[in-house]
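Chemist: In the working numbering, the protein residues as written are -18 to 203. Backbone N, C-alpha and C define an ideal beta-carbon position, used for all residues, glycine too.
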């Protein structure tokens, strides 16, 4: 029935959903691996931080701001040569992951920085007074105290990343967003546009609800 309504096969809808989850999952994974260290560096090296270093902070802060200032569509094209080197191609779902990682990593770094700064300075000072080194403070005090806030930060980053996957269609990345643009907007298929919007809303609601649930559980067991 839905196939007749949107003039697109169910297999195409499923394929697009799978492509979206593929891009979202891998880019979030690599983006988080980069974003957490960046966020930690911003917190630790800032003025008054545990390892205050104005040069490192200035460079890290500048790089994060620089990448975040570039619109995602321009970023797609700008790093196409690097994408080619890493993935062997400039187009397709796999190729879209590279610019998506570049997009989400600094975004997550800022969100993680804000979450870590919520930890009361007294806790870190007490840990330092007990003789804990920097790694121990991060591992046993800073991250555990901020875990619920970090979950919400990553949830927000995931939702922002989901929106970026829609623009990945400009390099043939596929996904729900590309389906809406190629088969919906360009072919004046309003029914398909509506269905894809509903699907994306469901995705966002699920991600936000899951993030809120996990954060609440972490706060309860803190």
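#1: Using 10 angstroms around the beta-carbon of residue 1, count the other beta-carbons present and answer buried if the total reaches 16, otherwise exposed.
#2: Given this structure, state the Cα-to-Cα distance separating residue 181 from residue 108, to the nearest angstrom.
#3: Would you call residue 183 buried or exposed, if buried means 16 or more other Cβ atoms sit within 10 Å of its Cβ?
#4: At which residue ranges does the segment 10 to 70 contain complete alpha helix (DSSP H) runs of 4 or more residues, listed in the order of the chain?
#5: When you compare the segment 120 to 140 with the segment 33 to 47, are there three or more beta-carbon pairs, one atom per stretch, that lie closer than 8 Å?
#6: Going along the chain, which residues of its own chain have a beta-carbon closer than 6 Å to the beta-carbon of residue 195, five neighbours each way excluded?
#7: Does the separation of the CB atoms of residue 41 and residue 155 fall below 8 Å?
#8: Taking C-alpha atoms, which residue in 6, 127, 56 and 52 lies nearest to residue 21?
#9: What number of angstroms, rounded off, separates the C-alpha of residue 103 from the C-alpha of residue 125?
#10: Count the CB pairs spanning the segment 67 to 83 and the segment -6 to 9 that are closer than 8 Å, and state whether there are at least three.
#11: How many whole angstroms separate the CB atoms of residue 222 and residue 17, which I take to be in contact at a CB cut-off of 8 Å?
#12: Any chance the segment 112 to 124 sits against the segment 167 to 178, with 3 or more Cβ pairs inside 8 Å?
#13: Hey, is residue 20's beta-carbon within less than 8 Å of any beta-carbon in chain D?
#14: Quick check on residue 190: buried or exposed, where buried means 16 or more other Cβ atoms within 10 Å of its Cβ?
#15: With a CB to CB cut of under 6 Å and the five nearest residues on each side skipped, what residues in its chain are close to residue 86?
#16: For the alpha helix (DSSP H) that residue 94 lies in, which residues bound it at each end?
#17: May I have the straight-line CA-CA distance separating residue 159 from residue 43, to the nearest angstrom?
#18: With DSSP as the reference, label residue 169 as helix, strand or coil.
#19: Alpha carbon to alpha carbon, how far is residue 147 from residue 185?
#20: Residue 105 and residue 122 - do their beta-carbons sit closer together than 8 Å?
Modeler: Let's see:
#1: With 16 or more Cβ atoms within 10 Å of its Cβ, residue 1 is classed as buried.
#2: 44 Å
#3: exposed
#4: Runs of the alpha helix (DSSP H) inside the segment 10 to 70: 35 to 49, 53 to 59 and 61 to 68.
#5: no
#6: 132
#7: Taking 8 Å as the Cβ cut-off, residue 41 and residue 155 do not qualify as a contacting pair.
#8: Of the listed residues, the one whose Cα sits closest to residue 21 is 127.
#9: 15 Å
#10: yes
#11: Here the chain comprises residues numbered -18 to 203, so residue 222 is not present and cannot be evaluated.
#12: Contact check between the segment 112 to 124 and the segment 167 to 178: fewer than three CB pairs, one atom from each, fall below 8 Å, which does not count as touching.
#13: Going by chain labels, chain D is absent from the structure shown, which holds only one protein chain.
#14: exposed
#15: 12, 15 and 16
#16: 74 to 98
#17: 32 Å
#18: coil
#19: 13 Å
#20: When the beta-carbon positions are compared, residue 122 and residue 105 come within less than 8 Å of each other.
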